[in-house]
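Some notes on the structure that comes next.
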Amino acid sequence: MATIKKRKDNYLITVSLGYDVNGKRIRKYLTYTPTAKTPKQIEKEVKKQAVLFEEKCLSGQVLNGNMKFKDFAVIWFKDRKKDLRPKTYERYLTLLPRINQAIGHLSLSKIQPPHLRKFYKNLAEGGIRLDTKYKLNISLDDYLKENNLTTAEFCRRSNLPNTTVISIRKGNNVSKENAEKVCNALDMALENIFTAVDISKPLADETIRHHHRLISSILSTAVEWGYIYSNPCERTKPPKVAHKDPIYLDEKQCQILLELLEHETPTYKTLIHLLLMEGMRRGECLGLKWCDVDFDNHTMKICRTIQYTKENGVYEDETKNNSSNRVIALSHSIMQELKDYRRYQTEQRLKVGDRWKDKGYIFTNDFGEPLNPNTVSSWFSKFMKKHTDQLPYITLHKLRHTNATLQIALGTPITTVADRLGHSTSSTTADIYAHAIQTANRKASEKLDSLLYGNNKKNIG
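In terms of UniProt numbering, the sequence shown opens at residue 1 and continues consecutively.
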């Protein structure tokens with residue numbers, strides 16, 4: 001029979017399973033924090049959990065709750081890698097260091113809601129320190145010039161990609177691993193040319209929820225495999241995400257954006273036009289192939305994406321979900337722009353000859369390979385910063401918000417907007433763009449008011 005011992009904020013449930021071959025008593029433990037409020041309800045709840053835990057123990061479903069979270073996480077990642085998309089897998093890996101610092105040292109069976117609540121509170125208030133970043137104290141440009149070194153030669157010596165070297169030259173922080181590579185290439189000590197930087201900072205509510213979901217997924221698997229009896233995440237509420245109205249460009253600002261794009265390369269000009277006019281996700285747009293465009297019926301099929309991870313580089317992937325696979329109608333202007341761009345790409349292909357990799361993608365680098373999504377975002381960020389005197393700064397994804405907001409303002413049915421954006425339900429669209437819908441409703445009311453009352457409007461109050 002299970003025994004129950006009350007502690008300060010929780011209860012220790014112990015089940016005895018006899019003796020091992022050495023005569024040592026076998027015990028299984030469960031620390032349980034009740035959710036009930038009154039003493040009677042708490043007593044009833046704890047007794048019920050004790051019975052359930054004993055049944056689990058006797059049936060062999062409680063295996064090794066003493067395994068530390070960080071050790072089980074390694075097993076979980078290995079098992080789940082084949083099921084997760086590469087981008088999701090990489091994002092989860094970036095969340096794990098913070099999680100391990102907070103609960104990685106704890107046994108699976110010891111993790112309780114108070115541990116998780118403390119972790120989330122810490123993330124919201126001051127963050128948890130990750131691996132220290134390092135900032136270069138000397139001018140890398142001056143060093144290269146003084147030693148007659150090209151950037152390419154320095155990349156070879158340091159074994160760093162060109163993008164990382166450019167980032168260091170701009171004064172951005174780097175990891176300790178990359179800082180040490182720089183030191184080896186320069187034959188200098190880390191402490192002499194780099195300064196350690198503490199990058200701890202509060203995290204957004206949505207990011208904290210991402211941590212919660214990953215912990216919950218890992219512990220749910222621990223329950224499924226019999227390592228623990230219950231998932232404490234189910235008894236812990238992550239912070240609520242406050243609704244924020246999407247940032248977007250208005251009609252006049254969009255016209256300015258289109259005018260400014262006339263001075264850019266055909267590839268980026270056409271790409272940004274398409275993102276603005278059709279509201280596609282970045283990866284969806286980069287995944288487009290010429291075979292997806294129906295020039296006769298003015299439609300485009302969206303059925304793949306282009307993604308990037310450190311492990312895989314640039315690669316083709318499926319769309320976000322089934323509703324993301326869709327066919328959208330294209331305007332006359334966009335169709336004409338695509339025709340012009342196809343002629344431009346044909347000219348580029350002829351220039352490079354056999355070096356062109358003909359994979360059918362619409363938006364490519366100089367040799368026919370699909371563009372890196374991060375390169376596109378970086379280009380747009382620089383473009384917007386260059387024109388802050390004429391436009392407010394927005395990120396690339398805000399073009400999608402701009403498209404949806406303007407569609408709603410023009411009176412496009414919310415179901416149509418949802419279909420064009422690739423949302424699974426129109427309620428998702430309505431939740432995200434609630435402010436735009438309210439504004440459109442107000443304008444519709446005013447139009448009807450003008451139509452019916454004209455100049456004979458009634459005074460209020």
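All C-beta atoms in this analysis are idealised placements derived from N, C-alpha and C, irrespective of residue type, glycine included.
| query | result |
| --- | --- |
| To the nearest angstrom, report how far apart K121 and E284 are at their CA atoms. | 36 Å |
| In chain order, what residues of the same chain lie with their CB nearer than 6 Å to the CB of I138, ignoring the 5 residues before and after it? | I193 |
| Just curious, the beta strand (DSSP E) that E316 is in, first and last residue? | 313–317 |
| Within this structure, are the beta carbons of V15 and K24 separated by less than 8 Å? | no |
| Once the 5 residues before and after A189 are set aside, which same chain residues still bring their CB inside 7 Å of it? | C183 |
| Could you tell me which whole beta strand (DSSP E) segments of length 3 or greater appear in the stretch 224–266? | none |
| Give me, in chain order, the residues of the same chain whose beta-carbon lies closer than 6 Å to that of N372; leave out the 5 immediate sequence neighbours on both sides. | Y308, V314 |
| Count the other CB atoms, across all protein chains shown, that sit within 10 Å of the CB of C291; report buried if there are 16 or more and exposed otherwise. | exposed |
| On the criterion of 16 or more Cβ atoms from any shown chain inside 10 Å, does Y453 qualify as buried, or is it exposed? | exposed |
| Going by the CB atoms, is the gap between K382 and G368 shorter than 8 Å? | no |
| Where in the stretch 348–430 do unbroken runs of the alpha helix (DSSP H), each at least 4 residues long, occur, reported from the N-terminal end onward? | 373–386, 398–409, 414–421 |
| By Cβ distance, which residues of its chain are closer than 6 Å to S377, with the 5 residues on each side in sequence left out? | L396 |
| According to DSSP, which residues form a beta bridge with A329? | T299 |
| Quick one: Cα of E311 to Cα of K82, how far? | 14 Å |
| If you count every other CB in all the chains shown that lies within 10 Å of the CB of M1, and 16 or more means buried, which is it? | exposed |
| Counting Cβ pairs closer than 8 Å, one from the stretch 66–78 and one from the stretch 94–103, do we hit at least three? | yes |
| Roughly how many angstroms lie between the CA atoms of R7 and Y433, to the nearest whole one? | 48 Å |
| With DSSP collapsed to three states, give me the class of G104. | coil |
| Mind checking who S16 pairs with in its DSSP beta bridge? | R27 |
| For L33, does the three-state DSSP call read helix, strand or coil? | Per the sequence shown, residue 33 should be read as Thr rather than Leu. Note: T33 maps to coil in three-state DSSP. |
| Report the rounded CA-to-CA distance for I111 versus Y19, giving the unit in angstroms. | 26 Å |
| Determine, using beta carbons only, whether I302 and R326 come nearer to each other than 8 Å. | yes |
| Can you look up Q41 in the DSSP assignment and give me helix, strand or coil? | helix |
| If you count every other CB in all the chains shown that lies within 10 Å of the CB of R442, and 16 or more means buried, which is it? | exposed |
| How many angstroms separate the CA atom of D431 from the CA atom of I75? | 37 Å |
| With DSSP as the reference, label Q307 as helix, strand or coil. | strand |
| So, helix, strand or coil for D187, using DSSP? | coil |
| Name the one or two DSSP bridge partners that V197 has. | K133 |
| Spatial neighbours of D205 within its chain, please: C-beta separation below 6 Å, excluding the five flanking residues on both sides. | P239, V241 |
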